[in-house]
Amino acid sequence: MAKRIDVSGLTAYYGSHKAIEDISMTVEPRSVTAFIGPSGCGKSTFLRTLNRMHEVTPGGRVEGKVMLDSEDLYGTGIDPVDVRREVGMVFQRPNPFPTMSIFDNVAAGLRLNGKYKKSELNDVVEKSLKGANLWNEVKDRLNKPGSGLSGGQQQRLCIARAIAVEPKVLLMDEPCSALDPISTLAIEDLIGELKERFTIVIVTHNMQQAARVSDRTAFFNLAAVGQPGRLIEIDDTERIFSNPSVQATEDYISGRFG
Amino acid sequence: MDISTQHTDAAASPGLPGPAAHQRAARGATRPGDRIFIGLTRGSGILLLVIMAAIAVFLTYRACLAISDDQGDFLTTFEWNTNLIPPSFGIAVLVYGTIVSSVIAMVIAVPVAVAIALFLTHYAPRRLSGPIAYVIDLLAAVPSIVYGLWGALVLVPHMDGLFGWLDEYLGWTGIFSWDGGAPRSMLTVGVLLAIMILPIITNVSREVFRQVPRMHEEAALALGATRWEVIRMSVLPFGRSGVISASMLGLGRALGETMAVATVLSPTFDIKASLLDPGGGTFAQNIASKFSEATEFGRDALIASGLVLFVITLLVNGAARLIIARRKEYSGANA
Chain A
56 MAKRIDVSGL
66 TAYYGSHKAI
76 EDISMTVEPR
86 SVTAFIGPSG
96 CGKSTFLRTL
106 NRMHEVTPGG
116 RVEGKVMLDS
126 EDLYGTGIDP
136 VDVRREVGMV
146 FQRPNPFPTM
156 SIFDNVAAGL
166 RLNGKYKKSE
176 LNDVVEKSLK
186 GANLWNEVKD
196 RLNKPGSGLS
206 GGQQQRLCIA
216 RAIAVEPKVL
226 LMDEPCSALD
236 PISTLAIEDL
246 IGELKERFTI
256 VIVTHNMQQA
266 ARVSDRTAFF
276 NLAAVGQPGR
286 LIEIDDTERI
296 FSNPSVQATE
306 DYISGRFG
Chain B
6 MDISTQHTDA
16 AASPGLPGPA
26 AHQRAARGAT
36 RPGDRIFIGL
46 TRGSGILLLV
56 IMAAIAVFLT
66 YRACLAISDD
76 QGDFLTTFEW
86 NTNLIPPSFG
96 IAVLVYGTIV
106 SSVIAMVIAV
116 PVAVAIALFL
126 THYAPRRLSG
136 PIAYVIDLLA
146 AVPSIVYGLW
156 GALVLVPHMD
166 GLFGWLDEYL
176 GWTGIFSWDG
186 GAPRSMLTVG
196 VLLAIMILPI
206 ITNVSREVFR
216 QVPRMHEEAA
226 LALGATRWEV
236 IRMSVLPFGR
246 SGVISASMLG
256 LGRALGETMA
266 VATVLSPTFD
276 IKASLLDPGG
286 GTFAQNIASK
296 FSEATEFGRD
306 ALIASGLVLF
316 VITLLVNGAA
326 RLIIARRKEY
336 SGANA
């Protein structure tokens, strides 16, 4: 079910501004890959190219190849809407649909994909909420609005919503940066469980978090403000945090800059 | 608006501990600048209430004078004879005409306005949406008498085709049958009112749709929603209360519209079963047509009808607020 991502020579623009340049990497299925790097280095932009959300921004465009197993996401005739049904995303700030109940939030993606019987929806919603470790907290108020939950619960609701459609890949853009430490821990535990089923890519500003949750870590950097961001190196997380092969990575990780 | 609240706020404000802060806060409230400003804002607020109360008292007093002498039933009489002795007049026709013409206008204008607003915010390229929005603003600036003249000279002569079509296919319903008379009827008035209230509903809806947080739209996009599905899942639910408010602004204008209706409608004091047959009247149109030739008593009677319009408008606004408040916990505002 989980798929491998193979990126080669990817460059992304905002209008005439080149945000990231010539990025190539492979993301293994059923693993967690963390993107770290200073602000503005393009790690979020790169993440958004992986489900074609980058081009939603006015002026956003992409050159290069992103292969999901054998399928080129930017190939001719590929509908970005279909890509996003295969590659789910969780955002920095929890964004449940404010006008929908908890149940409807989780069922939203399924309802987009076609008709389901009520009993099927019930099953998927329960399974997804359990998968997001939220079921026990909300099972008695599924028809209450999702915006009434705490921030951490809302973020797990968003994860449940994303995994309900059984994506091949789950992208997470700083999913814990708006949460308190306990909620963060809950999400990190959840990431550990989800990687059994999905390919997970997570952007984080928290290096301890990258070290805790990821199998592989990619370090991004930019030469100067206004320059495009580049991938400096990607390696096993253990190696990146103990003995990186590039000096800039070591400087960043040891806190000498950024 | 209340001095004592401001006082506590200032004293309790964090980051200014110690007696010095208290002194500063206490002195702050008595500075002449603050006093003048508080006086001005409070005065403006009170002035508004005084004006409202004055209007209500004036309307009610004059209306009571007229209604107490009315020999017919004020609510159900189908005539407006204030010069008879004893006088007999009622608002049944006006209530019907005002509500029906406004409802027609809303049924036509709200979907079109919402569609235009969605087009401008979510489909049109930016180069195009600016000029279109400007043209819609212009439409709002056209005086209502000009709409009335356009309605009488252009719209009325061109309604024949539509009326004939409606009569042929929907005439059996009764409400769309047409006797072939000049189309100076409720439907024509409704169409004209729809055009007049279109800009205000469009503009307010566009403003609301533009404020839909990016993250709500991205939430839908990331689930694999198409553009229309994003609108259905994120934009419309978020904009719902705003569109209701916008519609109420439009409805307010439609209910009270005077000159355009008076120019287009050929008024009679009866209720036509068909929306296509000429006749009927609205509150504002009736006041405008009769006021200049009315006696002192006739004016009081017209004022009584104005009071009813005032109350209807209040009820409509109240109902709109109820609709908005009912689903507050689901509204986009607390996200």
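Which chain is which? The protein sequence lines are A and B, in order.
For the first sequence, the numbering used here gives the first residue as 56, with consecutive numbering after it.
For the second sequence, the numbering used here gives the first residue as 6, with consecutive numbering after it.
Where a beta carbon is used, it is the ideal one built from N, C-alpha and C, also for glycine.
Asked: Quick check on the burial criterion: 16 or more other C-beta atoms within 10 angstroms. Buried or exposed for A:Y307?; Found: buried
Asked: Along chain A, in chain order, which residues have C-beta atoms closer than 9 angstroms to that of B:E223?; Found: M108, V111, M144, F146 and N150
Asked: Starting from B:H221, trace the alpha helix (DSSP H) in both directions and tell me its first and last residue.; Found: R219 to A227
Asked: Where does B:R36 land, buried or exposed, given buried means 16+ other C-beta within 10 angstroms?; Found: exposed
Asked: Applying the 10 Å Cβ sphere with the 16-neighbour rule, what's the burial state of B:V269?; Found: buried
Asked: At what residues does the beta strand (DSSP E) containing A:D367 begin and finish?; Found: The structure shown has nothing for residue 367 of chain A, since chain A only spans 56 to 313.
Asked: Compute the Euclidean distance between the alpha carbons of B:P283 and B:G166, then round it to the nearest angstrom.; Found: 16 angstroms
Asked: Does the beta-carbon of B:L228 have 16 or more other beta-carbons within 10 angstroms, so that it is buried, or is it exposed?; Found: buried
Asked: Across which residues does DSSP place A:V256 in a beta bridge pair?; Found: A:T88 and A:L226
Asked: Are B:A61 and B:T82 closer than 8 angstroms when you measure CB to CB?; Found: no
Asked: Is any beta-carbon of chain B found at less than 8 angstroms from that of A:A187?; Found: no
Asked: What residue ranges within the region 242–306 of chain B form continuous alpha helix (DSSP H) runs of no fewer than 4 residues, ordered along the chain?; Found: 264–269 and 288–296
Asked: Which one or two residues does DSSP pair with A:M122 in a beta bridge?; Found: A:D61 and A:D127
Asked: Does the CB of A:L184 have a neighbour CB from chain B at under 8 angstroms?; Found: no
Asked: Check whether the region 181–190 of chain B and the region 107–115 of chain B touch, using three or more Cβ-Cβ pairs below 8 angstroms as the test.; Found: no
Asked: Using the three-state DSSP reduction, which class does A:G115 fall into: helix, strand or coil?; Found: strand
Asked: List the residues of chain A that B:M238 touches, going by C-beta distances under 7 angstroms, in chain order.; Found: F152 and A163
Asked: Just to confirm, is the Cβ distance from B:L160 to B:V209 under 8 angstroms?; Found: no
Asked: Using CA coordinates, which residue listed in B:I109, B:S246, B:L125 and B:Q76 is at the minimum distance from B:S341?; Found: Not covered by the structure: residue 341 of chain B. The range shown for chain B is 6 to 340.
Asked: Return helix, strand or coil for A:I308, following the three-state DSSP convention.; Found: helix
Asked: Quick check on DSSP: helix, strand or coil for A:E293?; Found: helix
Asked: Hey, quick one: how far does the alpha helix (DSSP H) through B:M111 stretch, first residue to last?; Found: A97 to L123
Asked: Examine chain B for any beta-carbon lying closer than 8 angstroms to the beta-carbon of A:L167, and answer yes or no.; Found: yes
Asked: Could you check whether the Cβ of A:V117 sits closer than 8 angstroms to any Cβ belonging to chain B?; Found: no
Asked: What number of angstroms, rounded off, separates the C-alpha of A:K223 from the C-alpha of A:L123?; Found: 9 angstroms
Asked: For A:K73, list the residues DSSP reports as bridge partners.; Found: A:Y68
Asked: Roughly how many whole angstroms lie between the Cα atoms of B:T318 and B:W233?; Found: 35 angstroms
Asked: Is there a C-beta anywhere in chain A that falls below 8 angstroms from the one on B:F243?; Found: yes
Asked: Decide if A:R271 is buried, meaning its Cβ has at least 16 other Cβ atoms within 10 Å, or exposed.; Found: buried
Asked: Report the neighbours of A:V87 on chain B: residues whose CB is nearer than 8 angstroms to its CB, in chain order.; Found: Within chain B, no residue comes near A:V87; the closest Cβ sits about 19 angstroms away, beyond 8 angstroms.
Asked: Would you mind reading off the limits of the beta strand (DSSP E) that contains A:A273?; Found: R271 to L277
Asked: Between which two residues does the beta strand (DSSP E) containing B:M57 stretch?; Found: Unbroken run through B:M57 is the alpha helix (DSSP H), P37 to D74; no beta strand (DSSP E).
Asked: Following the continuous alpha helix (DSSP H) through A:V161, name the residue where it begins and the one where it ends.; Found: I157 to N168
Asked: Kindly indicate if chain B contains any beta-carbon less than 8 angstroms away from that of A:R211.; Found: no
Asked: Excluding the 5 residues flanking B:A129 on each side, which residues of the same chain have their C-beta closer than 8 angstroms to its C-beta?; Found: I137
Asked: Which residues in chain B have a C-beta closer than 7 angstroms to the C-beta of A:D127? List them in chain order.; Found: The contacting residues do not exist; A:D127 stays about 18 angstroms from chain B at best.
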